[in-house]
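Residue numbers (my numbering): 2 to 226.
Using N, Cα and C, we set each Cβ at its ideal position, and we do this for glycine too.
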């Protein structure tokens, strides 16, 4: 009997996946993303994914979109992250509540015309193969300084954080949860997604936090001048 494997390798990842374009939504490898599916095309996308390795490609529009109908034909960034369906529930009002777990980032090679209502693409995993390989993850430089900066940032945006949980979390969990959960722009979230590794993502995140803190300081100085 062939051994069942929960994890993927480059050899077992598909060359085509359905795309789920969502504005200002970020999925990172090893992280979980809850989603609520109710549009007809995405219900079909979910059924398709269940039959095909349970993978959905989360990707952002590269231009401003006003509503979901515009997303259907909007230009997309070339880099996204594939998530595996690890939990789902069908509701009484005909929706799917699902949870994706990030598997590996991908690069769109080309979109494929399909009879399905949802978007599909040929993709390449090679650029981000480190996401599924057992490589040592680099740590945040000067974590204590990063946490001090994070305290100022979260206070500025009005978030009450559980600092005991933050201090107990791993570098990977801390950086990725802030990257996915905080209100950054599409372009900023894309920069966080495309960062080479955890150390690079932490540096991008630190720079974004610096900009927001400094913007607030600038506004305060203008107010009281």
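Practice task
Would you list the residues sitting across from residue 85 in a DSSP beta bridge?
Solution key: 56 and 102
Exercise for the section: Pull up the CB-CB distance for residue 96 and residue 38, whole angstroms please, since I reckon it's below 8 Å. Expected result: 6 Å
Handout entry: Neighbourhood of residue 192 by C-beta distance below 7 Å, restricted to the same chain and skipping five residues each side
Key = 205
Practice task
Could you tell me if residue 171 is buried or exposed, where buried requires 16 or more neighbouring beta carbons within 10 angstroms of its beta carbon?
Solution key: exposed
Practice task
Count the C-beta pairs between the region 115-128 and the region 159-175 that are closer than 8 Å, then say yes if the count reaches three, no if not.
Solution key: no
Practice task
Whole angstroms is fine: what's the gap from residue 14's alpha carbon to residue 53's?
Solution key: 10 Å
Handout entry: Beta-carbon contacts of residue 25 that lie in its chain and below 6 Å, excluding the five residues immediately before and after
Key = 187
Exercise for the section: Tell me residue 78's beta-bridge partners as DSSP assigns them. Expected result: Partner(s): none; residue 78 has no beta bridge.
Handout entry: Distance CB(residue 147)-CB(residue 153) smaller than 7 Å
Key = no
Exercise for the section: State the DSSP-derived secondary structure class of residue 18, mapped to helix, strand or coil. Expected result: strand
Problem - Coil, strand or helix - residue 113 by DSSP - result: strand
Practice task
Output the distance between the C-alpha atoms of residue 112 and residue 30, rounded to the nearest integer angstrom.
Solution key: 22 Å
Exercise for the section: Rank 55, 21 and 93 by C-alpha distance to the C-alpha of residue 80 and give the top, closest one. Expected result: 21
Handout entry: Coil, strand or helix - residue 125 by DSSP
Key = strand
Practice task
Put residue 108 into one of helix, strand or coil per three-state DSSP.
Solution key: strand
Exercise for the section: Name the two residues that bound the continuous beta strand (DSSP E) containing residue 144. Expected result: Note, residue 144: premise wrong, no beta strand (DSSP E); alpha helix (DSSP H) at 144-157.
Handout entry: Residues bridged to residue 42 (per DSSP)
Key = Beta-bridge pairing links residue 42 to no other residue.
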